[in-house]
Structure formats: C-alpha cells, structure tokens
Ligand code: NAD
C-alpha cells in the first residue's frame, strides 16, 4: 500500500491473494490486508499533508494534476493491460477507454481547479460580506472492482483539485491498477496527499467510514453496502456521497428499428463490459410493433460479439470478475427460465457459458419477460438483458419508473418531442436520448432513489461533494 509517500505492508503483516478472472488458478499478486491500524496510519498521513496542500495557490495543484495526467497518458497501454488482467475488462472495448478516461478526468479537474471560489454579497456601506469555498479535509474514497481506474477518475482529481487530501481504498478483487495509480501520482504529489490502501470492505473499508478524522466518505459500490456506509458516516455527521447500483430501462420506440439503434442498444447493454456496469440498460423495452424485427437484428449482432481473453485486441467481451459473480449470473438466468423467459442469443452454445478456469460468459437475451420478475427488478451485474414489450408511452414510463433504482435510462425515438417527454418523466440521474454510450467528462453523474446521493465527475460534483462554504461578514472602519 502507499501511505505517506512510502510503500508499506499491513501492520498485521497479513496479505490477500489477487487472482486474474482469466484464470482462477493463477495468483497474479498479493496485497496487504489492511485493518483499523492501517486506517489510522493512512488517515494520519492524509491529515498531516492537508494544511499545506489546501494552502497552495490553486495553480500549483493544477500543475500537479496536469503532470499526473501526462504521466498517466504515457502509461495508458500498461494501465489498460493491467486493467484487463485485474478486472477482466476487454482491452479494446473497455480497459483502454477507461485508462484514457482517467487521463481526461485529471485534465478536466485541473482545468476547473480555479472555480473553487466564493461570492460577494450586496451590502450597505461599511460592510463586506463574502463566502469562501474551502476543502472538507480528509476524503476517504471507496472503489468497486468493475472499473476501478474510471471511478478513481471521478473522485481523486476533483477531491485533490479542491484542496482535500485522500485515502483511497481499492476493491479487494481488483486492486492493482489503483496501486499503479498511487505510484504515478506519488511522482508529482507531496507525501500523504494521496494514500492508497488495500483489503476487505468489512475491515479497512469500514475502519475508514467510522474513522473520526475522515471528513467525507465518497463511496461507489452496491446499494446494500451504500446503506451501511451512509448510516455509519451519518452517525458521526461525516459527509458522504454514494454512487450505487442500477436497473436501467432502455426504451426503443416504434420508429427506431434500425441497425444504428441496434448498435446503440448494444452499447447501452454494456455487454462489452460483461454488463458489470451500474449504468447497464438491463431492461430493454421494445415497442410491440417492432419487437420481433428488432430482436432478430439484436440477436444476430450479439452472436457476432467475440467472447475471449480480455488482453486480445479482437475480443469484444472479457471475463466476469470471479466465481461468486459468475454463479450469481447463472442463478438469475435459471430463475428467468423457470418463469418462462426464453433465451434467444447464444441458445445452443453452451460452450460460451463455461466458466472455469476463466470466468467467461456469453451475453444472454431473455424475452417474454415481465417487469415484475426478479431478472427485471434486481441488479444482476452480468450480461443478461431482459426484453419487455410495450405499446403506450405512459405505460412504458410507468414500467421504467417501477424500480427502486434510478441511475441511468436510454430512450430511442426519432420523434424528439416524444423522446424528451419520456426522458423528463423517467426518474433517473442520467438519461441518454438516441445513444447508448456517450458519457462525457464534466457531466453531473449520479443517481436518484436508491442509486445514490450526490454527483461526481463534474464541476458541480466537485463543489458540492468536496468543498464547504464559509461566510465571512466584515465591518469596515
Ligand atoms: P460492494 O458494495 O461490494 O463493494 C464496493 C467497495 O466497498 C469495495 O471496495 C468493498 O471492499 C467496500 N466495502 C464493502 N463493505 C464495506 C463496508 N461495510 N464498509 C466500507 N466499505 C465496504 O460493490 P462491488 O461488488 O465492489 O461493486 C459492484 C456494485 O457497485 C454494483 O452494485 C454496482 O452497481 C455498483 N457500482 C456503482 C457505480 C456508480 O457509479 N453508481 C459504479 C460502479 C459500480
């Protein structure tokens, strides 16, 4: 782990094995299994570094972030390969774009560092009343395993640009790219400004959440753990923001049965990420007038996708993270089939469902699904698309909103009034119209309902998530 500018083991000396999803029999690294004493050490290092970092002119923090961006850019290929090995995300379709996104995030937040500023209020003569935006202090960032570098990009540069220092906890299943990020950042940051720890959520993760000297917890992970994090941080009145799970609707209108929309729906399905994405458009609502024709096109394209070694450029879809997740995905498929769902993609290709030694899984499209089945309600976090027909826009918006999640949504219609009418009525933090990819650095990213609280990746996210306002009222003589 990287704490206070040093590479250190856990105080206990204990370690965890990291396996690659490409082969469960291959241990690719061991990392420290950190606990409460390590949390103390890392938080103390971040606290010690805070006053000097916060006091720097913003241009100095900006320069450091830009230098980090340059170094990350030089390392993009290494970071992409490591991401593929560590997470199972395919290098061309996912791992390399994630590394490039990280670079863009560092540049973006360097660019907006000077926006951490206050306001001057209109006053009577003899008064000066103004606000200052100040950093919160020590921020604990807790990361999931699905896209660690990309999500680190949502948190680290924004928190640092605003003058905070950090302890970043890597996910136990995919910690390696985050340790590499620590190494690159350390070349350009004072000791202790960014500390990276590894280990289990219930140990080092929880120790950070309850730590009295952590001012803010920025958590990305499951809704289940998010509830616990919010409760524990709230109990000591620490700030918290939560980026959690989703069960996002993807609506295709009667006028949109085209090859181009099929490509965009494939992007929304996040099959290229094994659908291990919180923003996966996992409920596909097809207008009944085009249902069969669109499905035929989608199935034909899905069957062309190459499932294989995530390090190969020819691979479209890599591996599921681990055995537990692979079994979970299978469980959902079996549940859907037991309720009379019908698999249409890869039917008859059991070889592509074979897991060990690598956790490969072909994308599954299930039709004749009802919006109240488990596969349409629960986050699967695997390549399973539930297809549901609709006829009236009121009906499909109601089905889209009939979920406790509210992270992302996709609407495809050539009639823009109709598309925007639906987009505005869907309760999601992010709605895409006529596109399935399309996330841009600088957008306000986050969820409604149980998909989260707070926004990241944007100027608003930086100001609201990583600063606090102080009011100063001055009587002038
Ligand atoms: P998870 O909630 O199991 O773990 C996330 C992180 O929290 C890990 O680092 C883990 O070690 C840590 N953790 C676990 N228990 C903890 C505790 N009690 N206290 C503090 N930390 C704890 O999630 P995961 O399985 O790693 O990731 C998948 C989930 O993340 C999915 O639900 C997915 O939707 C969600 N996710 C959300 C977003 C988003 O931006 N909304 C992005 C990616 C993933």
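Numbering (the UniProt record's numbering), first residue to last: 1 to 477.
In this text, a Cβ means the ideal position worked out from N, Cα and C, and glycines have one as well.
Proximity test, residue i beta-carbon vs the ligand NAD heavy atom, cut-off 7 angstroms
i: residue 34; result: no
i: residue 381; result: yes
i: residue 278; result: yes
i: residue 200; result: yes
i: residue 169; result: yes
i: residue 144; result: yes
i: residue 439; result: no
i: residue 454; result: no
i: residue 220; result: yes
i: residue 275; result: no
i: residue 229; result: yes
i: residue 209; result: yes
i: residue 223; result: yes
i: residue 479; result: Missing from the structure shown is residue 479; the chain here goes from 1 to 477 and no further.
i: residue 244; result: yes
i: residue 378; result: no
i: residue 206; result: yes
i: residue 407; result: yes
i: residue 451; result: yes
i: residue 178; result: no
i: residue 172; result: yes
i: residue 19; result: no
i: residue 308; result: no
i: residue 447; result: yes
i: residue 151; result: yes
Cβ-heavy atom distance, residue i to the ligand ATP, below 7 angstroms
i: residue 94; result: As for the ligand ATP, it is missing from this structure, which binds only the ligand NAD.
Delimiting residues of the beta strand (DSSP E) encompassing residue i
i: residue 410; result: 408-412
i: residue 239; result: 239-243
i: residue 476; result: Here residue 476 belongs to no beta strand (DSSP E), and DSSP marks it neither H nor E.
i: residue 303; result: Premise fails: residue 303 lies in the alpha helix (DSSP H), 291-304, not in any beta strand (DSSP E).
i: residue 386; result: 384-390
i: residue 251; result: 249-252
i: residue 219; result: 216-220
Beta-bridge partners of residue i, as assigned by DSSP
i: residue 133; result: 469
i: residue 165; result: 138
i: residue 452; result: 243
i: residue 29; result: 18
i: residue 2; result: 7 and 196
i: residue 364; result: 384
i: residue 431; result: 409
i: residue 257; result: Beta-bridge pairing links residue 257 to no other residue.
i: residue 128; result: 474
i: residue 319; result: 360
i: residue 344; result: According to DSSP, residue 344 bridges with nothing at all.
i: residue 23; result: 20
i: residue 156; result: According to DSSP, residue 156 bridges with nothing at all.
i: residue 120; result: 130
i: residue 307; result: 317
Contact belief for residue i with residue j at Cβ below 8 angstroms, rounded distance in angstroms
i: residue 26; j: residue 17; result: At roughly 10 angstroms, the Cβ-Cβ gap does not stay under 8 angstroms, so residue 26 and residue 17 are not in contact.
i: residue 23; j: residue 357; result: 5 angstroms
i: residue 251; j: residue 410; result: 7 angstroms
i: residue 384; j: residue 329; result: 6 angstroms
i: residue 112; j: residue 161; result: 7 angstroms
i: residue 413; j: residue 253; result: 4 angstroms
i: residue 320; j: residue 88; result: 6 angstroms
i: residue 53; j: residue 139; result: Their Cβ separation, rounded to whole angstroms, is 12 angstroms, which puts residue 53 and residue 139 out of contact at 8 angstroms.
i: residue 169; j: residue 197; result: 5 angstroms
i: residue 461; j: residue 158; result: 6 angstroms
i: residue 382; j: residue 471; result: About 49 angstroms; that fails the 8 angstroms criterion.
i: residue 452; j: residue 446; result: 5 angstroms
i: residue 560; j: residue 29; result: Residue 560 cannot be examined here, being either before or after the span of the chain that is shown, 1 to 477.
i: residue 408; j: residue 390; result: Not confirmed; about 18 angstroms, so no contact.
Limits of the unbroken alpha helix (DSSP H) element including residue i
i: residue 399; result: 393-401
i: residue 338; result: 323-338
i: residue 42; result: 36-55
i: residue 231; result: 223-235
i: residue 283; result: Segment 283-287 is the beta strand (DSSP E) holding residue 283; no alpha helix (DSSP H) there.
i: residue 105; result: 96-111
i: residue 374; result: 374-377
i: residue 275; result: From DSSP, residue 275 is part of no alpha helix (DSSP H); its letter is neither H nor E.
i: residue 211; result: Premise fails: residue 211 is in no alpha helix (DSSP H) and is neither H nor E.
i: residue 61; result: 58-74
i: residue 180; result: 176-186
i: residue 421; result: 416-425
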